[in-house]
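Right, one structure below, let's go through it.
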């Protein structure tokens with residue numbers, strides 16, 4: 326017999342999520358804290374049975390032009406022995422339906438971080454969901470196994486990638502690892518230039534600063550800055566969570582043939598390995 330109730334204990338949440346199936350930092354306690362800092366209303370919900378916590382679903386209320394809705398980012402997150410079935414997930418959906426009515430929402434949106442398999446599609450179609458026209462977070466992700474030795478990682482790279490890393494070092498590129506919130510401005514400066522160049526709408530400085538501030542409290546984020554001749558020409562915000570490192574935000578500017586971004590990624594991978602991560606997630610890929 327499953328029941329749903331709110332999870333108020335950070336430790337209980339953080340003991341469950343990193344070890345669960347289909348989890349990313351978008352279901353971390355601190356992702357919830359970040360969303361709260363932006364003014365969003367949210368609920369940390371858990372599915373329990375006699376054996377304890379079996380699944381969680383962070384639920385965020387979002388007001389958008391297309392309507393007000395409840396969003397479960399890359400969730401629900403379930404234990405390894407929790408069967409992903411219509412029967413088991415129906416308790417989550419029923420709870421969300423009632424919550425949506427109470428909050429005057431127009432629809433419910435979920436984005437489970439499961440592999441794109443027909444069996445899962447059958448389950449979620451059976452629960453009444455349909456494919457969204459556009460994704461809200463990364464839909465396709467490139468995952469690199471970094472559990473092997475550094476020399477093996479280098480050996481497995483393309484020759485041009487190894488060359489670019491070495492060239493950046495020869496060119497005098499220096500990688501700075503920063504936990505200083507003030508350095509978010511440096512990332513933001515490059516981010517705005519990158520957005521203009523590639524014609525997309527960037528996140529605001531306030532958004533980036535609040536995200537960084539929410540994760541740095543637990544040492545779960547670092548800024549990587551690539552400096553060349555006194556100028557920052559590449560930067561990234563890397564989040565470390567649940568045995569993985571996430572290249573969540575990144576930007577660079579062109580300075581001739583200086584491949585600073587390659588060295589930056591390599592240093593981020595080495596930092597992830599030093600923290601015990603086994604996966605480096607390059608986040609969204611086309």
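Numbering (our numbering), first residue to last: 326 to 611. Ideal Cβ positions, reconstructed from N, Cα and C, are used throughout, including at glycine.
For residue i and residue j, I'd like the C-alpha separation in whole angstroms.
| i | j | result |
| --- | --- | --- |
| residue 381 | residue 422 | 16 angstroms |
| residue 616 | residue 479 | Here the chain has residues from 326 to 611 only, and residue 616 is not among them. |
| residue 611 | residue 466 | Below a pLDDT of 50, predicted positions are generally treated as unreliable, and residue 611, at 47, falls in that range; the measurement from the model is reported next regardless. Those two C-alpha atoms are separated by around 9 angstroms. |
| residue 405 | residue 374 | 14 angstroms |
| residue 471 | residue 570 | 10 angstroms |
| residue 645 | residue 408 | Residue 645 lies beyond the range of the chain shown here (326 to 611); nothing can be said about it. |
| residue 468 | residue 605 | 6 angstroms |
| residue 389 | residue 400 | 20 angstroms |
| residue 344 | residue 565 | 14 angstroms |
| residue 612 | residue 453 | In the structure as shown, the chain starts at 326 and stops at 611, and residue 612 therefore has no counterpart that could be examined. |
| residue 526 | residue 519 | 10 angstroms |
| residue 440 | residue 573 | 20 angstroms |
| residue 341 | residue 333 | 13 angstroms |
| residue 497 | residue 368 | 48 angstroms |
| residue 553 | residue 359 | 32 angstroms |
| residue 602 | residue 567 | 8 angstroms |
| residue 366 | residue 579 | 40 angstroms |
| residue 413 | residue 483 | 44 angstroms |
| residue 512 | residue 551 | 10 angstroms |
| residue 485 | residue 476 | 16 angstroms |
| residue 455 | residue 442 | 15 angstroms |
| residue 598 | residue 446 | 34 angstroms |
| residue 563 | residue 474 | 21 angstroms |
| residue 481 | residue 391 | 45 angstroms |
Could you name the residues of the same chain whose beta carbon sits closer than 8 angstroms to that of residue i, not counting the 5 residues immediately before and after it, in chain order?
| i | result |
| --- | --- |
| residue 592 | 500, 502, 549 |
| residue 398 | 351, 352, 356, 383, 385, 436, 461, 462 |
| residue 506 | 534, 537, 538, 541 |
| residue 376 | none |
| residue 532 | 363 |
| residue 418 | 433, 452, 453 |
Please check the pair residue i and residue j, which I expect to be a contact at CB under 8 angstroms, by giving their CB distance rounded to whole angstroms.
| i | j | result |
| --- | --- | --- |
| residue 504 | residue 547 | 6 angstroms |
| residue 364 | residue 383 | 16 angstroms between Cβ atoms; not a contact. |
| residue 420 | residue 509 | With a Cβ gap of about 36 angstroms, residue 420 and residue 509 do not count as contacting. |
| residue 444 | residue 349 | Not really, about 21 angstroms apart at Cβ, beyond 8 angstroms. |
| residue 515 | residue 577 | 6 angstroms |
| residue 327 | residue 433 | In fact, because the Cβ distance is near 18 angstroms, the residues do not count as touching under 8 angstroms. |
Only counting the same chain, and skipping five residues up and downstream in sequence, which positions put a Cβ closer than 7 angstroms to that of residue i?
| i | result |
| --- | --- |
| residue 493 | 583, 584, 585, 587, 588 |
| residue 425 | 395, 433 |
| residue 457 | 434 |
Once you ignore the five residues that flank residue i on each side, which residues in its own chain have a CB closer than 6 angstroms to its CB?
| i | result |
| --- | --- |
| residue 609 | 463 |
| residue 354 | 335, 338, 339 |
| residue 575 | 561 |
| residue 430 | 393, 394, 395 |
| residue 346 | 403, 405 |
| residue 451 | 411 |
| residue 387 | 394, 396 |
| residue 607 | 467, 572 |
| residue 379 | 372, 404, 407 |
What would DSSP say about residue i, mapped onto helix, strand or coil?
| i | result |
| --- | --- |
| residue 475 | helix |
| residue 606 | strand |
| residue 551 | strand |
| residue 404 | coil |
| residue 363 | coil |
| residue 485 | helix |
| residue 327 | coil |
| residue 574 | strand |
| residue 381 | strand |
| residue 593 | helix |
| residue 342 | helix |
| residue 357 | helix |
| residue 611 | Model confidence at residue 611 stands at a pLDDT of 47, short of 50, so the residue's coordinates are unreliable; what they give is reported in the following sentence. Residue state, collapsed to three classes: coil. |
Cβ of residue i versus every heavy atom of the ligand ADP: is any distance shorter than 7 angstroms?
| i | result |
| --- | --- |
| residue 527 | Although the ligand ADP was asked about, the structure shown includes no ligands whatsoever. |
At a Cβ threshold of 8 angstroms, is residue i touching chain D?
| i | result |
| --- | --- |
| residue 540 | Here there is only one protein chain, and chain D is not present. |
Every unbroken alpha helix (DSSP H) inside the region 419–464 [4 residues or more]:
Unbroken alpha helix (DSSP H) runs of no fewer than 4 residues, entirely contained in the region 419–464, are found at 443–451, following chain order.
Can you give, in chain order, each stretch of the beta strand (DSSP E) that sits fully within the region 493–567 and has at least 3 residues?
As far as the region 493–567 is concerned, its whole beta strand (DSSP E) runs of at least 3 residues are 499–503, 546–553, 556–566.
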